[in-house]
Structures are given as structure tokens and as C-alpha cells.
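Q: Here the protein sequences line up with chains A and B, keeping their order.
Under numbering that gives the first Met the number 0, the first sequence is numbered contiguously, ending at residue 228.
Under numbering that gives the first Met the number 0, the second sequence is numbered contiguously, ending at residue 295.
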Amino acid sequence: MIRLVNVSKVYDNGITALSNVNINIKAGDFVFLVGPSGAGKTTIIKLLIKEIEPTSGDIFVNDKNVTVLKRREIPYFRRNIGVVFQDFRLLPDRNVYDNIAFAMQVVGTPSKEIRRRVPLMLSLVNLSSKAYAYPNELSGGEQQRVVLARAIANNPPVLIADEPTGNLDPDTGWDIVNLLSEINRRGTTVIMATHAKEIVDAMRKRVIILKKGTVISDQEKGVYLDEVK
Amino acid sequence: MRLSNIGYYIKEGFNGIFRHKAMSLAAIISIVIALFMLGSIIVFGLNVSNIIGDMESSLEVIIFLKDDMPDQAIEQLDSELRNMEGIVDVRYISKADAFEKWKEQFGEQSGYLEGYTAEDNPLPRSYEVRLKEPSYADSVVNALNGREGIEKVQYNSEVADTLNRLVTAVRWMGLIIVGILLVIAVVIIMNTVRLAVFARRNEINIMKYIGATNWFIRWPFIIEGAVIGLIGSVLSLALLKMLYDFAMDKLSGILNMVKFIPVNDAMNIAMLIIMVTGIVAGIIGSAVSIRRYLKV
């Protein structure tokens, strides 16, 4: 499903973010990507959505080699990946309904189908009553739930979450993780980069630990190793 | 462009204007100002060039006839003048006409014509001929000078030359000023649109993450730019027309011998330039400034 083969990334300023990383993620997996700041978690995510190019190595998503994608193919490629960010990134000038509908308009979904599906997404993330609220009228947890609804609106096979609970209090963070878990249960591959030890330890999912740009541990039903900190 | 998306693009284009009211208003105002300046210069230049043109064409060749010129020769001259190239109007001034004109000009103060009558006076008969353009003056004057029965051919070529040079200068100056203002207007409009796009760079960024194609993001911005350009140009035209009406009203009382271009004619010419500038600058402004935010 997702493979990083001998991937290295050196930024223009000379900082080595990843060196020779190999990761293999099967369809339907739920994977935690952990490690201290600067370990390379965000770099991996940026590589997966082709926001940046690797210095060397190959990246496969849905068995497609991402590194050889042409610029004009990128939008179509990204539609297979739902992305959730720490800072939410909702369109501030549209209400909740339109934010979710927008993701579907982008892929050319007929408006009839959009009208049918958006309420479904809203009820999945428990926000049916806030459909016409604007992002700045929502709490952080609510905003992140809208982002989740948007990310899965087009039924992507992969969902990537970069510190989705980073800006939330623990309880709200758990809401998001439970939703991610539910989404994973329905068949979507989920990759979550995080700092949150309690969540990682409690979930007992696969844990890939990065440190200084290399994978130092990759365990099924793993935990957040203390030495990482 | 996917056809089913056109509705979305147009709707989003208009939504964009209303969602960002302050930004849209700022853009419209600066477009109105830029285009109003442009329009004022166009209308002013058109009028100046028109007035000089009028003065130019009112310059006449006057042909004074000897008193002993036979009627038959006059008739022949008359038909020749009417067929001559470059002549648009031929007027015969009889002794009586000349007498009337003289009296009109000098009134009762003139003692020169005392004792003379309309039929019997020393004033010569003449032809007043209006030329299509001053450039025909030479050929007309040369054809008539020294002819049997003609006393003198009078034409003020110096004035004509000056006017001719003036009208050329005014037209060139006008074109240059309009050109400069056009560039300024385009730059102002494009800059304003760029600010509006800059304010929404995050929005564009997010769209890219969701997998929107560049054109999917671009179209609503382009339509927004065009609509804002259109609104700005219509408003500046309305303002221009109002002020032109007002100025004509005030000025035509003072400068009653000057003929202004009627408001509608002036507007028709200005409208084309202003609307095209407004809309095209709006479109190019958004298309160009959006480009750098699409590279994610």
C-alpha cells in the first residue's frame, strides 16, 4: 500500500531530515509515527503527499511511484489521500457544510451526491447541528472533526494525520483518535504522526519510531519508548 | 474545463466578492479611481483635439474678384470651385453681402462707407471657400492665383500651419498620456487584485492539499477579478458622465463659441477603453498573482 524505499531527504539549508528510511505499510493498517520534534515525521508526511521531493529513494502510495508523478498529476494523486493537520486548515470563509462539500466539488462529484453525502459525514463526526457554523465559531475539537469529515468525504484509501491532537486537550484528542480508529475499522489505512504517549500506549497499534531521521524501532502493538524523549 | 463546473466557478466567483467585502470594496475603489483618471484624460483630449480641428476647418480661402470680371467668367469660376478637390463649401459674397458684413462689423462708427449703397460701393465681390483640410490650401491657392479677373487670393497659411502642428502635438501628447495612464491603471488594478489574492493564500494552499487542480482554483478568482473590474469600470464611467455633464453645463455658458463633444459620443469612446482595461486587468491580475500560490 505505502512503501518508502531507501528514502533520504536533505533540505536546501543542508539539514538532513531523513536518511535511508524504509517503511512498508499494508492496506488497512493503523500506524503511529512517533519521535521527538525534528525526527522527520512531518518530512515523511510531506513526501507522501508530494509537497516535497526526496533527495533519493522511491516512495510508493497505492502502488504508484510518487517520485515520478508529473506536476499536473499531483492534484489527482492527492485525492486518494485524506490529510489532517495539527492546525486544522479549514477554509475560514465557508461554513462547515461548504468546507466538506468543497472537497467533493474538487473531485467533480455531482451536487446531488454532495447533498446526500455531506450530512452523512457530519453525522459520522457528530456535528450535524453545526452544519452552518463557520470555523471560527467552533472549538478546536469541533474544527478537527470537520477536517476529518472533509478528509474522508471522498472515501480515500489512505488517511494521513499530522499531529491531529497537538492543539487539543486530552479528552478532545481522544475523540479524534477514536474517530480515526473508526475510520480505520471501515477499511481506510491510517497513518498518524504524534507526540501523545498516552494515546500511543493505549491504542496498541503498530508504532514506528523515528529519531534524527532514521527508523529506530518498528513494532506491531508497540508502545512509545521512553528513550525517545 | 469541465463543463459541469462552470456553474460552480461562477457561483464561487461571486461568493468570493461577498465573502471578502472589505477587500472587494478596496479593489473596486482603486479601479474606479484609476479608470476615472484615464477616462478624464481621454475625454479631455478628445475635446481639445475636436476644438482645434473645428478651428482648423473654419479657416477659409478668400478670393477677391475684380469689379470688371464678367458674369460669365464668374459663373465658370463658381462651377470650377465647386468641383475642385479639397473644397467642402463655396459661398459667393456679392457687393451687397459685403456691404452688410462691413456694417455689421464696424456699425455706425465707420465713416468709410458713408454715401454708398448696397449696390454701389467700393467693396469687392468675393468667394469664401472652406477646405476639407489645411493641406489642400496650397493647391487651391496656386490654381487661382494670377487668374484673369481675380484680384487676390487670401489664405492665412501661418495660422493654419500652427493649428496643424498643434493638433498633431495634442493628439500625440494625448496618446502618450493615455498610454501612461493605461499602464498605471493596469498596475494599480493588478496590485489590488494581488493583495486580495495574497489575503487568501492559505485558502489556495488548502485547496491544493485537497487535490484541487490549478484551474479549479483559478477560475473563480478570474471570474471574481473580471466582475470586480466590470463593477469598477461601470462606476467610473457613471462618475465620468456625471462630471462631464456638469462641466459642459458650466463651461458652455462661458465658452459659448467652443463646441464640446456631446456627452454620449465622448462616453462611447471612453467606455470601450475603460471597460476593456478594467476587465482585462482584473482577469490578468488574478491569474498572474494566483500563480505563485499554486506551486505547492
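Even glycine gets a Cβ: it sits at the ideal position worked out from N, Cα and C.
All values derive from a computational prediction rather than experimental measurement.
Identify which residue in A/Val82, A/Pro109, A/Asp200 has its Cα closest to the Cα of A/Arg144.
A: A/Val82
Q: Assuming the contact rule is C-beta atoms closer than 8 Å, B/Val31 and B/Ser235 should be a hit. Round their C-beta distance to whole Å, please.
A: 4 Å
Q: Please confirm whether A/Asp92 has its beta-carbon closer than 7 Å to some beta-carbon of chain B.
A: yes
Q: Which runs of the alpha helix (DSSP H) spanning at least 4 residues fall entirely within the stretch 155 to 229 of chain B, listed in chain order?
A: 156 to 197, 200 to 209
Q: Among the residues of its own chain, which have a CB less than 8 Å from the CB of B/Ile16, if the five just before and after it don't count?
A: Ser23, Glu223, Val226, Ile227
Q: Since B/Arg18 meets chain A, which of its residues come closer than 7 Å, beta carbon to beta carbon?
A: In chain order, Asp92 make up the part of chain A whose C-beta sits under 7 Å from the C-beta of B/Arg18.
Q: Closer than 9 Å, Cβ to Cβ, to anything on chain B: give me those residues from the stretch 103 to 120 of chain A, in chain order.
A: Gln104, Val105, Val106, Gly107, Pro109, Ser110
Q: Which residues of the stretch 181 to 208 of chain B have a Cβ closer than 9 Å to any Cβ of chain A? Give them in chain order.
A: Arg199, Asn201, Glu202, Asn204, Ile205, Met206, Lys207, Tyr208
Q: Does DSSP put A/Lys220 in a helix, in a strand, or in coil?
A: coil
Q: Enumerate in chain order the residues of its own chain whose CB-to-CB distance from B/Phe35 is below 7 Å, with the five nearest sequence positions on each side excluded.
A: Ser235, Leu238, Leu239, listed in sequence order.
Q: Please name the residue in B/Ile50, B/Lys131, B/Tyr126, B/Ser93 whose C-alpha comes closest to that of B/Thr116.
A: B/Ser93
Q: Just the Cα atoms here: how many angstroms apart are B/Val60 and B/Phe245?
A: The alpha-carbon atoms of B/Val60 and B/Phe245 are separated by roughly 38 Å.
Q: Check this for me: beta carbons of B/Pro133 and B/Ala159, under 7 Å apart or not?
A: yes
Q: Taking Cβ-Cβ distances shorter than 8 Å, what residues in chain A pair up with B/Ala26?
A: Within chain A, no residue comes near B/Ala26; the closest Cβ sits about 16 Å away, beyond 8 Å.
Q: My understanding is that A/Ala160 touches A/Met191, with C-beta atoms under 8 Å, so please give their C-beta distance in whole angstroms.
A: Going by Cβ atoms, the distance from A/Ala160 to A/Met191 rounds to 4 Å, so yes, they are a contact pair.
Q: Using a C-beta to C-beta distance shorter than 7 Å, which residues of chain A count as neighbours of B/Ala211?
A: Pro74, Val105
Q: What is the rounded straight-line gap between the Cα of A/Asn61 and the Cα of A/Pro156?
A: 8 Å
Q: Using alpha carbons as the reference points, say which of B/Gly12, B/Gly252, B/Ile40, B/Arg217 lies closest to B/Trp171.
A: B/Ile40
Q: Excluding the 5 residues preceding and the 5 following A/Asn19 in the sequence, name in chain order all residues of the same chain whose CB lies nearer than 8 Å to its CB.
A: Counting only Cβ-Cβ distances below 8 Å, and skipping sequence neighbours, we find Asn5, Val6, Ser7, Gly56, Thr213.
Q: What is the DSSP secondary structure of B/Tyr115, reduced to helix, strand or coil?
A: coil
Q: Would you identify the three-state DSSP class for A/Thr164, choosing helix, strand or coil?
A: coil
Q: DSSP three-state call for A/Phe59: helix, strand or coil?
A: strand
Q: Quick check on A/Ala102: does DSSP put it in helix, strand or coil?
A: Note: A/Ala102 maps to helix in three-state DSSP.
Q: Applying a beta-carbon distance threshold of less than 8 Å, which residues of chain A neighbour B/Tyr7?
A: Gln104
Q: Could you name the residues that DSSP lists as bridge partners for A/Phe81?
A: Sequence inspection shows Gly at residue 81 of chain A; the Phe mentioned does not correspond to that position. A/Leu158.
Q: Using a C-beta cutoff of 7 Å, does A/Val82 count as contacting chain B?
A: yes
Q: Can you find at least 3 beta carbon pairs, one from the stretch 160 to 168 of chain B and one from the stretch 178 to 189 of chain B, that sit closer than 8 Å?
A: no
Q: Just by C-beta distance, which residues in the stretch 211 to 237 of chain B are closer than 8 Å to chain A?
A: Ala211, Thr212, Asn213, Phe215
Q: Using only alpha-carbon positions, find the residue among B/Leu45, B/Val139, B/Gln71, B/Val279 that is nearest to B/Val89.
A: B/Val139
Q: Are the stretch 65 to 79 of chain A and the stretch 87 to 101 of chain A in contact at 8 Å, needing three or more beta carbon pairs?
A: no
Q: Under 8 Å: do the stretch 273 to 285 of chain B and the stretch 50 to 67 of chain B share three or more Cβ pairs, one atom per stretch?
A: Not touching, per the Cβ criterion.
Q: Quick check on this structure: which residue in A/Asp11, A/Val33, A/Thr15 has the alpha carbon closest to the alpha carbon of A/Gln218?
A: A/Val33
Q: Quick one: Cα of B/Ile86 to Cα of B/Ala265, how far?
A: 28 Å
Q: Any beta-carbon of chain B closer than 7 Å to the one on A/Arg88?
A: yes
Q: Let me see if you follow: with CB-CB separation under 7 Å, is A/Arg77 close to chain B or not?
A: yes
Q: Is B/Gly38 near B/Ala280, with beta carbons less than 7 Å apart?
A: no
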